[in-house]
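The numbering used here numbers the first residue of the sequence shown as 220 and each following residue consecutively.
For every residue, glycine included, the Cβ atom is placed at its ideal position computed from N, Cα and C.
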Amino acid sequence: MDYLEIEGGHPLSGEVTISGAKNAALPIIAATLLSDKPVKLTNLPNVVDIRTLLKLLAMLGAKVEHNNTEALIDCSEITSTKAVYDIVAQMRASILVLGPLLSRFKHCSVSLPGGCAIGQRPIDLHIKAVESLGATVTLKEGYVVAEAKDGLVGGKIIFDKITVGGTENAVMAAAMANGVTEIVNAAKEPEVVQLCQMLDMGGAKIEGIGTSRLKVYGTNGVPLEYKEAIDIIPDRIEAGTYLCVGAITNSEITLNKVNCEHIQTSIEKLESMGCSFSQDGDSLTIHPAQKLKGVNIITTEYPGFPTDMQAQFMAVATLAEDESLIEERLFENRFMHVSELNRLGADIWLKGNTAAVRPVKELHGAEVMATDLRASSALVIASLAAKGKSKIRRIYHLDRGYDRLEEKLSQLGAKITRKSS
Ligand code: UD1
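This is the structure:
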């Protein structure tokens, strides 16, 4: 199995280009199911999760041409509406095909999802959303079987908890429904915004994009027609991760192709830790702190501090000169990186959903194990600053979501190699 070997303690410098956002690309790929014309996607990240979802679409009968950053997807002849366990178990986001398949084909079955082990991650809100539009949902042999014999009908979906994937499934389900759907307490993440813009361009008019109240005018069974290619927005989590790399290794790093508005909370937190920034168009340079200060973080929905950046900031906080407090509010089990960071010499104490990160003078290389996608990147960040060699095992988690991580870090001067054992 592949592992990463990192020799830490070396200053980095240079530029890195941020890839398209995995979490924007996934619902956008699912939304191609709403059209019977070919759709072109550009700026796709070259990561395993994207290939997994494209494979699922191909299994449903879509014609998929894919080369690294571009895909042409033709869903004109879908032959199956069953998302099988083998694929869904590899990636939880496969549940995103539920809304579009049901909306266009009036029935589908989707295996109950797997994915990152960062908590229970139920799909009850996805199910409730499609039920609000008239679907009948049953659970049969590990599959969510959804049906709307006469097609989905516009209705009111009230989320009692903000859910990114649930909102995405809801807007895709509403897109081809008969009538208008109102979605209350919708997620406002940039990835949700780009999906809504795509559906709107495709003919399902959407009001309130970027707010917590969306109104979707369904096309009454008419497939959507995306007139333009869809260029995936920059990955705000990848961008934030490289900022954390700069902060912990005391390095000046420039990110190219970044949307600074989407990473405002990460920038603000790093500023409070003593780093500074200069911006030039869509390039952003981090200037490291003289001395890193501690930080207090509470994860929450966009535009608040993202849970997907919690682990990386925890890694940076290990070398701050005073204590940091990090509270995780979205996922109950998203602290599996704590014990691994402690193996690298960190001093993190965990109580409930809050971690106290006490300052240590230095981190030291060790053998550690990646547990989920963002936890893995926290281990890479910490290893880059640790004295000596680290081995990071189970890096298939990283491959799911970070585009050419070793290549990009090597360009910055990091001593990182992928090995097999
Ligand atoms: C998405 C992101 C993930 C990110 C998360 C929160 C993708 C592919 N993944 O995941 O990287 O960490 O948003 O920003 O975009 N919940 C329920 N019932 C449901 C659905 C969710 O209780 O039916 C809960 C979850 O357990 C969690 C909270 O709602 O506590 C938010 O989860 P959600 O926003 O749905 O996350 P995902 O869409 O799975």
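Answer with buried or exposed for residue i, where buried requires no fewer than 16 other C-beta atoms within 10 angstroms of its C-beta.
{"i": "residue 337", "result": "Confidence in residue 337 is poor, its pLDDT being 43 and thus under 50, which makes the residue's placement unreliable; the coordinate value appears in the next sentence. Buried, because 16 or more other Cβ atoms sit within 10 Å of the Cβ of residue 337."}
{"i": "residue 335", "result": "Its pLDDT being 45, under 50, residue 335 is placed unreliably in this model, and the value from its coordinates should be taken loosely. The residue in question, residue 335, is buried, as its Cβ has 16 or more Cβ neighbours within 10 Å."}
{"i": "residue 432", "result": "exposed"}
{"i": "residue 509", "result": "exposed"}
{"i": "residue 370", "result": "buried"}
{"i": "residue 483", "result": "exposed"}
{"i": "residue 480", "result": "exposed"}
{"i": "residue 413", "result": "buried"}
{"i": "residue 343", "result": "exposed"}
{"i": "residue 571", "result": "exposed"}
{"i": "residue 488", "result": "buried"}
{"i": "residue 251", "result": "buried"}
{"i": "residue 439", "result": "exposed"}
{"i": "residue 395", "result": "buried"}
{"i": "residue 447", "result": "exposed"}
{"i": "residue 645", "result": "The structure shown does not extend to residue 645, since the chain spans only 220 to 640, so no value can be given for it."}
{"i": "residue 406", "result": "buried"}
{"i": "residue 465", "result": "buried"}
{"i": "residue 643", "result": "Past the boundaries of the shown model lies residue 643; the chain is included only from 220 to 640, so the question cannot be answered."}
{"i": "residue 422", "result": "buried"}
According to the Cβ coordinates, are residue i and residue j closer than 9 angstroms?
{"i": "residue 533", "j": "residue 576", "result": "yes"}
{"i": "residue 605", "j": "residue 585", "result": "yes"}
{"i": "residue 345", "j": "residue 317", "result": "yes"}
{"i": "residue 260", "j": "residue 244", "result": "yes"}
{"i": "residue 240", "j": "residue 275", "result": "no"}
{"i": "residue 475", "j": "residue 507", "result": "no"}
{"i": "residue 529", "j": "residue 537", "result": "no"}
{"i": "residue 544", "j": "residue 516", "result": "yes"}
{"i": "residue 458", "j": "residue 497", "result": "no"}
{"i": "residue 599", "j": "residue 582", "result": "no"}
{"i": "residue 179", "j": "residue 402", "result": "Given a span of 220 to 640 for the chain in the structure shown, any question on residue 179 remains unanswerable."}
{"i": "residue 354", "j": "residue 376", "result": "no"}
Please list, in chain order, all residues of the same chain as residue i whose beta carbon is under 7 angstroms from its beta carbon, the five residues on each side excluded.
{"i": "residue 634", "result": "225, 226, 229"}
{"i": "residue 557", "result": "567, 569, 574"}
{"i": "residue 631", "result": "231, 232, 233, 235, 472"}
{"i": "residue 268", "result": "241, 245, 310, 312, 619, 620"}
{"i": "residue 613", "result": "588, 589"}
{"i": "residue 296", "result": "280"}
{"i": "residue 290", "result": "260, 263, 273, 283, 284"}
{"i": "residue 493", "result": "508, 509, 510, 511, 512"}
{"i": "residue 304", "result": "330, 361"}
{"i": "residue 210", "result": "Beyond the ends of the chain as shown, which are 220 and 640, falls residue 210; an answer cannot be given."}
How close, in whole Å, do the beta carbons of residue i and residue j come, if the pair is a contact with beta carbons under 8 angstroms?
{"i": "residue 420", "j": "residue 253", "result": "Not really, about 12 angstroms apart at Cβ, beyond 8 angstroms."}
{"i": "residue 262", "j": "residue 287", "result": "In fact, because the Cβ distance is near 10 angstroms, the residues do not count as touching under 8 angstroms."}
{"i": "residue 325", "j": "residue 368", "result": "6 angstroms"}
{"i": "residue 348", "j": "residue 385", "result": "6 angstroms"}
I'd like the list of long-range same chain contacts for residue i, defined as Cβ closer than 6 angstroms, with 5 residues on each side in sequence excluded.
{"i": "residue 327", "result": "300, 320, 321, 365"}
{"i": "residue 520", "result": "381"}
{"i": "residue 628", "result": "635"}
{"i": "residue 450", "result": "261, 262"}
{"i": "residue 373", "result": "396, 398, 399, 400, 437"}
Here's a check: name, in chain order, each residue in its chain whose Cβ is nearer than 8 angstroms to the Cβ of residue i, leaving out the five neighbours to either side.
{"i": "residue 350", "result": "356"}
{"i": "residue 531", "result": "459, 460, 463, 593, 596, 597, 600"}
{"i": "residue 616", "result": "335, 589, 590, 591, 592, 594, 595"}
Along the chain, which unbroken stretches of the beta strand (DSSP E) at least 3 residues long are found entirely within the stretch 507 to 587? 515 to 517, 543 to 546, 566 to 570, 573 to 577
Whole beta strand (DSSP E) runs in the stretch 593 to 620 with 3 or more residues, listed along the chain? The qualifying runs are 607 to 612.
Write down every uninterrupted run of the beta strand (DSSP E) in the stretch 318 to 379 whose length is 3 residues or greater and which is fully enclosed by it, in chain order. 326 to 330, 355 to 359, 362 to 366, 375 to 377
Counting only runs that start and end within the stretch 443 to 505, where is the beta strand (DSSP E) found for 3 or more residues in a row? The qualifying runs are 471 to 475, 495 to 499.
Alpha helix (DSSP H) runs contained entirely in the stretch 245 to 313, provided each spans 4 or more residues: Runs found: 267 to 279, 304 to 307.
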